[in-house]
Amino acid sequence: MLGYKQVTIIVENKLDTGNLIQTIREHFKAHYKIEPELAEYKEQFTEAKNKIHFLYLSDSHVKEFLKNNFRNNLNIAILPNETSLDTIKKYSISKDIYEAIEDGMNDSLKSKDELLLCNGDVVFKKVSIGNVGTLGKSFEHSWFTNIKNFFNNLKNIKYTSVTIQTAEEKIIKTASSGILVLEDYTTVGLLPNVKESSFHDGRLNAFIIAPLSLFSYIYYLIVIFLYHRYSLTHLPKNIGFISTSKLKITSNQPFDFTLDSALLSAKEIDFEIVTTDINIHFGKLLKEFVSADKVAEKQVKDEVRIAYLPHGEINNLLIEGNIPLFKKASDEDIKETLISIKESSKLNNIFISLMIISTLLATVGIFQNSIPTVVGAMILAPLMSPIVSLAMGITRDAKGLINDSIKTLLFGIASALFFSAIVAVFMPLNVMTEQISSRLNPNVLDLLVAVFSGVAGAYAASKDQVAKSVAGVAIAVALVPPLAVSGIGIGWFDIEIIYGSFLLFLTNLFGVTVAASLTFIVLGFAPIHRAKKGLAYSTVLLAIVTIPLIISFYSLVLQSNDYAKLSGIEEITIGNKKVEINILSIKSSSSKKSIIELEVMSKSHLNDDEFQKIKEILEHNLQKQVTMEVIPKIVF
């Protein structure tokens, strides 16, 4: 629909228009029977219903024109040129000048304009305060450029104290490394996973970047620079979001910011979304959003998502440049967790009862060789609580908590050894069950189980919503069964059993303690320098325990290799005798020697020379000395 009878082409200088303007004027004469007038952008313009103004200006002069005339009821269209790229993008104008003219003469593409003002100046793209990285930029950079920008931003991280006030006068005081403010978060490609548009919804959108630790900042940079996998409903927790019609950002010191491509500095920045009286013709790509009444129908309410922005003590740390390696837990979280953990560290009747019952149950289950019984003892065992309490005491250098935890642990260990030894003395059975033998050769894999269990135990202790997982942690780390086996060794006066099983318990104890302490540090319950001394002692003890574990693990690897080399030996012929070989176990293995338990089946007795022949075959396959423990069987 063509409803305009008059056309004005607004240029920067009427005396220097060039041949293109003349061509455009001829185009209007030929196609629309209209003789366009020429005017300069600084002139005064009057309202006229049947008149349209085509702007042939640079981005900066388009902004100036809109700033001076946004309260005038003018009909506006854009003529594209090389100096108006931001204008073309904002209004989705065709780069073909004749198609742009056609859109400008089409009433169905006309709508009231909405502008974002920053300290009274028009913003087409965005305002960047501080360091926002690539947030709000296009995602066409190469991986090399993104990685380079990643490390540059990591190197230059800096926080500024800011006070933010919304249209509804909600005041937020926080520290921020960067703030991005824009009108439409989709037209700039900020949120690639959002299909909806915030076009002309009466709001501006502010993204507040405020990671609470160095690791949080690294996570933010990875998401922003490398993956770009985020949306408005799933922003990284490092980013706060405010959507409002007005916004004021102030600081004690002037901060630098960028308005589109202009570098500026101020202590106070006022943002406002204004619905103009200007009727502007958009490009066809925005046709679905164009409506004369669209903006008027909107009821603008503040949307504020700032739950993870820094405040309190961490706010001051960030501003001073003391950025913690890990996120600091809130004062409330620390208080609630410490209350719970202090209770767990104390020796009481419940702990004593559960310790005795779980030890007796574990000891009987070990003699019975019953896995379900032993698992039940693991669940009942209360030892995990004082170990986690000890880890928290080490983390926060809390001597009272450490002393209470050690006292409770020592009682638990002593009671487990005592009651399991008593059961072993009076038990008429003296059989090496699988439940005993499986706990005599701990290795590095057992240490890894302890470490992961320590992480899980500390996490469960600090999070109420996962507290039910403590039972699973107790099953995984199995603290009481090794002590019960050590008690059985004491009752039998067997040094080998005592050594192997107690080494397994110490592996669990130190592995859980160190891992839980590190987890509490990561969760922000204390800075790492506070836990340095306690962690050092625990780590040294863990390192000492790890030495025999590594040796044992190396032996386990050699045993595995020996099994693989002997897997093909099932039947051999010695003289005229056929002999079946069944490898029962490889009891120990080193680089020079292996002790092998095997079953030898034949139709007649074998003499020493024939057994020696079997030994030679095994040594040939393993390429090392073999000691055989033979169980001979005669097959009739």
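Residue numbers for the sequence shown follow my numbering, so the first one is 44 and each next one is one higher.
Beta carbons are placed, not taken as given, at the ideal position from N, Cα and C, and that holds for glycine.
| query | result |
| --- | --- |
| Determine the closest residue to S544 out of A558, S505, A586, S481, with distance taken between C-alpha atoms. | S481 |
| On the DSSP bridge assignment, give the partners of F300 in chain order. | I172, L307 |
| Answer yes or no: do P675 and V643 have a C-beta to C-beta separation smaller than 7 Å? | yes |
| Measuring straight from C-alpha to C-alpha, what distance separates E672 and Y580? | 43 Å |
| Touch check for the stretch 586-604 and the stretch 625-633: three-plus C-beta pairs under 8 Å? | yes |
| Mapping the DSSP letters down to three states, classify H663 as helix, strand or coil. | helix |
| What are the start and end residues of the beta strand (DSSP E) that includes L159? | 153-161 |
| Closest to E55 by C-alpha separation, out of H70, A82, T66, would be which residue? | A82 |
| According to the neighbour-count rule (16 or more other Cβ atoms, all chains shown, within 10 Å of its Cβ), is R439 buried or exposed? | buried |
| Got a sec, what are the start and stop residues for the alpha helix (DSSP H) I143 sits in? | As written in the sequence, residue 143 is Ala, which differs from the Ile given in the question. Where A143 is concerned, the enclosing alpha helix (DSSP H) stretches over 140-147. |
| Our contact map puts T406 next to P429 with C-beta atoms below 8 Å; I'd like the distance itself, whole angstroms only. | Rounded, the Cβ-Cβ distance is 21 Å, inconsistent with contact. |
| Quick test of your reading: V557 and T582, contact by CB under 8 Å. State the CB separation rounded to the nearest angstrom. | 6 Å |
| Ends of the alpha helix (DSSP H) at N62? | 61-75 |
| Say whether the stretch 121-137 touches the stretch 315-325, bearing in mind that this needs 3 or more beta-carbon pairs closer than 8 Å, one atom from each stretch. | yes |
| Below 8 Å, can you find three or more Cβ-Cβ pairs linking the stretch 457-465 to the stretch 394-408? | yes |
| Under 7 Å, do L483 and F410 count as touching if we go by C-beta distance? | no |
| For H96, which residues does DSSP report across the bridge? | T51, I119 |
| Can you list, in chain order, the residues of its chain whose CB lies under 6 Å from that of F314, leaving out five sequence neighbours each side? | C161, V224, L247, L290 |
| Quick one: using the 10 Å Cβ neighbour count with 16 as the cut-off for buried, is M475 buried or exposed? | exposed |
| Tell me, which residues are paired with S401 by DSSP? | Per DSSP, none; premise fails for S401. |
| Give the range of the alpha helix (DSSP H) segment to which R246 is assigned. | Where R246 is concerned, there is no enclosing alpha helix (DSSP H), given that its DSSP letter is neither H nor E. |
| Given that a residue counts as buried once 16 or more other Cβ atoms are within 10 Å of its Cβ, and exposed if not, what is T380? | buried |
| When DSSP builds the beta bridges, which residues end up paired with N322? | N118, K155 |
| According to DSSP, is G497 helix, strand or coil? | helix |
| Distance check for S637 and V466, CA to CA, integer angstroms please. | 35 Å |
| Per DSSP, what kind of secondary structure is R439 in: helix, strand or coil? | helix |
| On a Cα-Cα basis, can you pick out the residue from K506, W535, F548, F536 that is closest to P525? | F548 |
| Give the DSSP-derived three-state secondary structure of K280 in the structure shown. | coil |
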